[in-house]
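Participant: Let me give you the structure first, and then I'll get to my questions.
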Amino acid sequence: MRTITTLSAVAILGFLMLGSCKRQDAPIPKIKPSDGNKLTLDGGPGGSYAENAVYVDLSTDKQSSVKRSSWNLGFHCGAEFSVILNSSMDMSAMVTNSTDIKSVNKTNFDVEQLKLDIKPEKLKIYDDTLGRLNHNVIAEIKANANDNKVYVVNSPTPKGDDEFWKVRIVRSGTNAYTLEYAKLEDQQIKSLSITKEEAFNFKFISFASGPVNVEPKKEEWDFVWTRSIYFTSMAGTPVPYSFSDLIFTNHLYKVTSEQIIFLDKDGKSNGKPTYAEFDESKLSLVTFKPNRNVIGANWRSAFSPGAYKDRYYVIKDNLGNIYKLKFIAMGAGGDGGKRGYPELEYKLVKAY
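If you read the sequence shown in numbering that gives the first Met the number 0, its first letter stands for residue 0, the second for the next number, and so on.
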């Protein structure tokens with residue numbers, strides 16, 4: 000009788016363990032992505048100088064607005080020790096020959112070098128407009144602290160006034176940065192430690208208030224609408240220019256996109272499917288590109304017609320959901336919108 004009881008207990012325990020394993024091994028259920036929606040982005044007051052950048056996640060119909068002036072530097076959370084400037088506030092920077100932050104001031108650095116001017120040689124004082132981390136003004140932070148120089152940065156205020164700071168950044172262990180910073184003429188140096196967090200592309204700091212939240216987690220946004228230093232052509236040569244109404248995709252976390260223009264210059268069909276016609280059967284026509292500025296400034300004109308009606312975009316998010324996206328209005332060229340509050344529409348083409 001005792002033997003039967005023992006065997007029964009073993010059998011029950013094994014059954015429970017097997018059930019537990021099955022529960023643990025069960026696949027995580029998919030979260031159904033949005034079928035599509037219409038959004039009016041909350042750029043806030045300011046018109047073409049709207050105060051907010053707006054991050055958009057198509058699969059959840061979410062937008063997240065943050066003041067463009069809320070941060071100064073972003074610290075990459077990936078393998079590289081890379082630092083970005085706040086290009087949405089036209090921040091510029093130049094390296095000095097010194098590793099002693101206290102020694103750098105206006106007597107040995109000409110701040111005129113950092114002021115915005117529409118000249119080709121000025122592009123080098125701004126971060127890469129293509130978003131390539133290895134082409135930014137601040138070089139990758141070296142493991143040897145003595146290899147990291149002081150930079151002088153111009154961080155214009157919301158009113159457009161130039162404000163000059165000096166910064167020096169070193170690595171702190173294998174997963175963090177140490178930032179030293181002060182106004183250019185100050186001798187009292189502040190220090191901050193910034194630890195990488197895998198869930199984000201960057202961690203951000205403000206010279207005025209320290210660590211701040213800017214971007215959502217990298218899995219939770221597809222593109223950002225913002226103002227930024229960008230480039231335009233002058234006599235065939237690229238020069239820096241501050242653009243409003245730019246769209247940058249989350250290229251650092253697997254978001255890809257393509258532009259489809261379906262009308263020719265005379266407004267007639269060029270044979271490509273319209274927004275209404277585009278469905279899963281047309282995906283073979285798309286070559287998804289990893290560039291962050293496939294949309295960029297290509298979706299609109301600050302003059303007539305405002306938001307272009309001859310094109311739309313196809314976006315694949317980090318999970319593989321594919322959406323078609325068109326812009327309805329931006330508040331320019333008589334398109335019926337309000338500047339700073341662009342209107343867009345999107346529709347799910349294929350779920351992952």
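Just so it is clear, CB atoms sit at the ideal spot from N, CA and C, and this is done for glycine as well.
Predicted model, so just to flag it, every value in this text is computed and none were measured.
1. Check each candidate in A296, F74, K105, V149 and name the one with the smallest Cα separation from T194.
2. Could you check what DSSP says for D89 in three-state terms: helix, strand or coil?
3. Closer than 6 angstroms to a non-hydrogen atom of the ligand NAP - does that hold for the CB of D185?
4. Using only the alpha-carbon positions, how far apart do Q112 and Y176 sit?
5. Specify, as a first and last residue, the run of the beta strand (DSSP E) that N133 falls within.
6. Do M93 and V151 have their CB atoms nearer than 7 angstroms?
7. Once the 5 residues before and after K101 are set aside, which same chain residues still bring their CB inside 7 angstroms of it?
8. From N212 to V65, what does the alpha carbon distance come to, in whole angstroms?
9. Within the segment 224–292, note down every full beta strand (DSSP E) run reaching 3 residues or more, in order along the chain.
10. Can you tell which of A301, A350, Y351, Y322 has the C-alpha that lies nearest to the C-alpha of K37?
11. Leaving aside the five residues before and after N145 along the sequence, list all residues of the same chain whose C-beta is less than 7 angstroms from its C-beta, in chain order.
12. With the cut-off set at 7 angstroms, would you say N104 and E184 are in Cβ contact?
13. What are the boundary residues of the beta strand (DSSP E) that includes S68?
14. With distances taken between CB atoms, is the gap from D298 to F277 smaller than 7 angstroms?
15. Could you check what DSSP says for A144 in three-state terms: helix, strand or coil?
16. If you compare alpha carbons, which of S205, E50, G266, V169 is closest to K182?
17. Mind checking A52: buried by the 16 CB within 10 Å criterion, or exposed?
18. Taking only the alpha-carbon atoms, compute the straight-line gap between F80 and F287 and give it to the nearest angstrom.
19. Considering only residues of the same chain and omitting the five flanking positions on each side of M0, which have a CB-CB separation below 6 angstroms?
20. Alpha carbon to alpha carbon, what distance is there between A306 and N174?
21. How long is the line joining the alpha carbons of H134 and P341, rounded to whole angstroms?
22. Quick check on L351: buried or exposed, where buried means 16 or more other Cβ atoms within 10 Å of its Cβ?
23. Would you mind giving the Cβ-Cβ distance between S153 and M90, rounded to the nearest angstrom? I have them listed as a contact below 8 angstroms.
24. Is the separation between the beta-carbon of V254 and that of D221 shorter than 7 angstroms?
25. Using a 10 Å radius around the Cβ and a threshold of 16 neighbouring Cβ atoms, would you call K264 buried or exposed?
26. Does the pairing of the segment 115–128 with the segment 226–234 give three or more beta-carbon distances under 8 angstroms?
27. Using DSSP with H/G/I as helix, E/B as strand and the rest coil, what is I204?
28. Taking D56 as part of the beta strand (DSSP E), name the residues at either end of that continuous run.
29. Where does the unbroken beta strand (DSSP E) through I193 begin, and where does it stop?
30. For the candidate residues P119, W70, C76, L72, whose alpha-carbon lies nearest to that of S234?
31. Pick from K61, L122, G35: whose alpha carbon is nearest that of T236?
32. Here's the rule I'm using: 16 or more other beta-carbon atoms within 10 Å means buried, otherwise exposed. How should A49 be labelled?
33. Taking the C-alpha atoms as reference points, what is the distance between W164 and L262?
34. Whose CA, out of W224, S190, K217, lies closest to the CA of E196?
Facilitator: Looking at the atomic coordinates:
1. F74
2. coil
3. This structure lacks the ligand NAP, and indeed carries no ligand of any kind.
4. 27 angstroms
5. Here N133 belongs to no beta strand (DSSP E), and DSSP marks it neither H nor E.
6. yes
7. Q186, I188
8. Near 9 angstroms, if we compare the C-alpha coordinates of V65 and N212.
9. 236–248, 255–260
10. Y322
11. Cβ within range, chain order: T98.
12. E184 sits close to N104, with the two beta carbons spaced by under 7 angstroms.
13. Unbroken run through S68: none, as it is neither H nor E.
14. Reading off the sequence, residue 298 comes out as Trp, not Asp. Contact flag unset, no.
15. helix
16. S205
17. With 16 or more neighbouring CB atoms inside 10 Å of its own CB, A52 falls in the buried class.
18. Approximately 28 angstroms between the Cα atoms of the pair.
19. At M0 the pLDDT is 38, less than 50, meaning the model places this residue with poor confidence; the figure from the coordinates comes in the next sentence. No residues qualify anywhere along the chain.
20. 43 angstroms
21. 30 angstroms
22. Contrary to the premise, residue 351 reads as Tyr rather than Leu in this sequence. Classification for Y351: exposed.
23. A small fix is needed here, since residue 153 is Asn in this sequence, not Ser. Correct: roughly 7 angstroms between the Cβ atoms.
24. A distance below 7 angstroms separates the beta carbons of V254 and D221.
25. Around the C-beta of K264, fewer than 16 other C-beta atoms lie within 10 Å, and the residue is accordingly described as exposed.
26. yes
27. Per DSSP, reduced to three states, the secondary structure at I204 is strand.
28. Note, D56: beta strand (DSSP E), 51–56.
29. 189–194
30. The identity of residue 234 in the sequence shown is Ala, whereas the question assumes Ser. P119 is the residue among P119, W70, C76, L72 whose C-alpha sits nearest the C-alpha of A234.
31. L122
32. Around the C-beta of A49, 16 or more other C-beta atoms lie within 10 Å, and the residue is accordingly described as buried.
33. 49 angstroms
34. K217
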